[in-house]
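Worksheet: the structure to be examined is printed underneath.
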Amino acid sequence: MLGFQMGTLGEEFAVLQDNTYEERLVTHLTIPPPGNIPSYSYEPLYRWGRVWLALGAAHGDALVRVMVFNGMTGQWQAGDWEAPDQGRTRQMLEEGTQMVILGRKQRCAGETSPRNPIGWLIETESRAVTPPRGSRGIPTSPADL
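284 is the number of the first residue of the sequence shown in the working numbering; add one for each residue after it.
Structural data, given as structure tokens:
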């Protein structure tokens, strides 16, 4: 893996059972991390490969609303993920994913927010990139790129 980001979600419910959410309680993740160039970029030496999102809970299962924005298609996708007790749910994100919004979700009306930390982890890997070749088939120097 080339890089990662990690953190925890707040303890309050950010998303209600009807999928409405409180903006101040959700967590916004930028993919790839700021300062890095995504795989669909034309920059030849710094391209990201696959990206995974993992969720896990410390004290009992938890439900998390995951909203993903793909910058290549301009589309949002959303779904509910289980953050398992003492385990991890891990899924690969589509190429072109630029933003992920996470929020602890209320399962049913009247459910109270438990003191159960939910951790998130973004893992990224680099993609092998071949630099362009010079006029004689010899790779150009980085200064020539």
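Note that beta-carbon positions come from the ideal geometry of N, C-alpha and C, so glycine has one too.
From a predicted model like this one, the values you see are computed outputs, not experimental measurements.
Distance from the CA of Gly-343 to the CA of Gly-370, rounded to the nearest whole angstrom, comes to 10 angstroms. For His-342, no beta strand (DSSP E) segment is defined, and its DSSP state is neither H nor E. Counting of Cβ neighbours within 10 angstroms places Gln-360 among the exposed residues, the total staying below 16. In the DSSP assignment, Asn-353 forms a beta bridge with Gln-358, Thr-380.
Secondary structure of Leu-299 (DSSP, three-state): coil. Counted as a single uninterrupted DSSP element, the beta strand (DSSP E) harbouring Leu-312 occupies residues 310-313. Nearest to Glu-378 by alpha-carbon distance, out of Arg-348, Gln-389, Phe-352, is Phe-352. Comparing alpha carbon positions, the residue from Gly-402, Val-334, Glu-408 closest to Gly-290 is Gly-402.
Excluding five sequence positions before and after Val-309, the CB atoms of its chain that fall closer than 7 angstroms to its own CB belong to Ala-297, Ile-384, Leu-385, Gly-386, given in chain order.
Approximately 5 angstroms separates the beta-carbon atoms of Leu-376 and Val-334; this is inside 8 angstroms, confirming the contact. With respect to the 8 angstroms criterion, Val-347 and Leu-338 are classified as neighbours on the basis of their beta carbons. Judged by beta-carbon spacing, Leu-299 lies within the 8 angstroms limit of Gln-389, meaning their Cβ atoms are closer than that value.
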